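First comes the structure, then the notes that go with it.
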Amino acid sequence: MPILVMKFGGTSVADLDRIANAAEKVKREVERGYDVIVIVSAMSGKTNELVNWVETTSPLYDAREYDAVVASGENVTAGLMSLRLQEMGVSARSWQGWQVPINTTSAHGAARFMSIPRANIDAKFAEGFRVAVVAGFQGLSAEGRITTLGRGGSDTTAVAFAAAFEAERCDIYTDVDGIYTTDPRISPKARKLDKIAFEEMLELASLGAKVLQTRSVELAMRYNVRLRVLSSFEETDENSGTLVCGEDEIMESKVVSGVAYSRDEAKITLFTIEDRPGIASAIFGPLAEAGINVDMIVQNISEKDYDDAHTGAVTDMTFSCPTNQVARARKAMEDAMAAGLIKYDDLIIDTEVAKISVVGIGMRSHAGVAAKMFEALAAENVNIKVIATSEIKISVLVDRKYLELAVQALHDAFELDKA
């Protein structure tokens, strides 16, 4: 039998009625001739509840026990889904991570996959079972301890199983009916895409689009796993949702496929640092050690090029990071200065910025995208604070109050409402 992987997120299995609805979709695929591997998340809100219990019980908790508690949410869903399928006449069995086993690293709370042996599940399929319901988000360390993969880990679990079992496709069921050209809540003209390339989806996911978890898209691209994003709450067929696939499956791409945004960004500037070899390493090394996700980086010539207080050339360094990491970033820079690694005259933090990005594989072969983007923002009097580019992406930082205006202006400028 061909294998299909189906993943249901927390909102899709939020209560018993929704689990029954998801089970109907699984049964339909079984009737179409598939052996199905179902990856489930914890019921909506349960993971947060479990995390709260851990933190209340032990503020400085043992990460191994944290994983043991938090992974239980997915186990409950897997068991309930299997029971529902059995009641519907579908031969199903639930699997916890250690039973597969899903072998991971020992980084509790942020584990990564090592291997997923097929033997145990293949043996059950050979016995006549048609569905394996696997608890997502979890695995087993070399020490025999339960591990968890971090937020969004069930998406990654689904893709990893699709790769390991050479599945025909991996269907991600969620609370939206596909991937849109931008957030429909901001632009009513947002259009659902029929297909999008892995690279475009990876950029959109990393830039703020929350439909798919970034690690899952990276894994899908590496192993060429075709992903389909579709709604748990609508009737679906083989043409529903959005297919995330290789560029070769897309006949002709628009220059820009989507506009992404991240609302919770901060801009940090170190003024008057030494302009010397190794200064970037001295700044970003401590930030990396502190776990800061630095994104856009700009180094410019300082107004104080030379003065009596400095022995050589000086410059300024600007970078962006998530707002919830600002305090750690400030401390990392202050500690680096106290340790004599760097010197700066001032550290300015702007937490009222947002990142807006246009993404499209068509940029590789079309000039003028940056000019068109900047013209559209200028026409709305939106000032650009920082610019960063890659082969298929242009990102800018703007004042957060202009976020919606900027997204709508760019969506209109690139005519993304048109197929």
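Each residue of the sequence shown is one higher than the one before, starting from 1 at the first, in UniProt numbering. Where a beta carbon is used, it is the ideal one built from N, C-alpha and C, also for glycine. No experiment lies behind these values; they were computed from the predicted model shown.
8 Å Cβ cutoff met for residue i and residue j
i: Asp399; j: Val353; result: yes
i: Ala332; j: Leu270; result: no
i: Val407; j: Val259; result: yes
i: Ile179; j: Ser253; result: no
i: Thr242; j: Leu193; result: yes
i: Val358; j: Met373; result: yes
i: residue 421; j: Lys355; result: Within the shown structure, residues of the chain are numbered from 1 to 419, placing residue 421 beyond reach of any answer.
i: Ser92; j: Val51; result: Note that residue 92 is Ala in the sequence shown here, rather than Ser. Not closer than 8 Å, so no.
i: Tyr173; j: Gly33; result: no
i: Ile146; j: Ala68; result: yes
i: Ile349; j: Arg330; result: yes
i: Ala282; j: Ala336; result: yes
Burial state of residue i (16 or more Cβ within 10 Å)
i: Arg130; result: buried
i: His108; result: buried
i: Ala197; result: buried
i: Leu60; result: exposed
i: Trp53; result: exposed
i: Lys46; result: buried
i: Glu238; result: exposed
i: Lys25; result: buried
i: Tyr306; result: Residue confidence for Tyr306 is low, a pLDDT of 48 falling below 50, so the modelled location carries little weight; the figure read from the coordinates is stated next. With fewer than 16 other Cβ atoms within 10 Å, it is exposed.
Reduced DSSP secondary structure (H/G/I, E/B, other) of residue i
i: Thr271; result: One point to set straight first is that residue 271 is Phe, not Thr, in the sequence displayed. DSSP places Phe271 in strand when its eight states are reduced to three.
i: Phe374; result: helix
i: Met337; result: helix
i: Asn239; result: coil
i: Ser281; result: helix
i: Val51; result: helix
i: Ser365; result: helix
i: residue 442; result: The requested residue 442 is not part of the displayed model; the chain covers only 1 to 419.
i: Arg145; result: coil
i: Leu60; result: coil
i: Val131; result: strand
i: Asp248; result: helix
i: Ala329; result: helix
i: His310; result: At His310 the pLDDT is 49, less than 50, meaning the model places this residue with poor confidence; the figure from the coordinates comes in the next sentence. Coil.
N- and C-terminal bounds of the alpha helix (DSSP H) containing residue i
i: Val76; result: Ser72 to Glu87
i: Asp316; result: Unbroken run through Asp316 is the beta strand (DSSP E), Val314 to Pro322; no alpha helix (DSSP H).
i: Met221; result: Thr214 to Tyr223
i: Lys7; result: Looking at the DSSP string, Lys7 is not in any alpha helix (DSSP H); the run it does join, the beta strand (DSSP E), is Ile3 to Phe8.
i: Asp412; result: Leu403 to Ala413
Limits of the beta strand (DSSP E) - the one that residue i falls within
i: Gln138; result: Gln138 to Leu140
i: Ser390; result: Val386 to Ser390
i: Val229; result: Leu227 to Ser231
i: Trp95; result: Ala92 to Trp95
i: Lys27; result: That residue, Lys27, is in no beta strand (DSSP E); its alpha helix (DSSP H) goes Leu16 to Glu31.
i: Val159; result: Segment Gly153 to Ala164 is the alpha helix (DSSP H) holding Val159; no beta strand (DSSP E) there.
i: Glu346; result: The question names Glu, yet the displayed sequence has Asp at residue 346. Run containing Asp346: Asp346 to Val359, per the beta strand (DSSP E) assignment.
Near the ligand FMN: residue i beta-carbon under 7 Å from a heavy atom
i: Pro184; result: Absent from the structure shown: the ligand FMN. Ligands present: none.
Inspect the CB distances between the region 128-144 and the region 86-104 and report whether three or more fall short of 8 Å.
Judged by Cβ distances under 8 Å, the region 128-144 makes contact with the region 86-104, as three or more pairs qualify.
Is it the case that the region 410-419 contacts the region 184-194, given that we only count it when at least three CB pairs across the two stretches are under 8 Å?
Enough Cβ pairs lie closer than 8 Å, so yes.
Closer than 8 Å is the cut-off here; do at least three beta carbon pairs connect the region 145-161 with the region 28-44?
Short answer: they touch.
I'd like to know if the region 222-236 and the region 166-179 are in contact, where contact means that at least 3 CB-CB pairs between them fall below 8 Å.
Contact between the region 222-236 and the region 166-179 is present, because at least three Cβ pairs lie under 8 Å.
Would you say the region 273-292 touches the region 336-349, given that touching needs at least three Cβ pairs under 8 Å?
Yes: at least three Cβ pairs fall under 8 Å.
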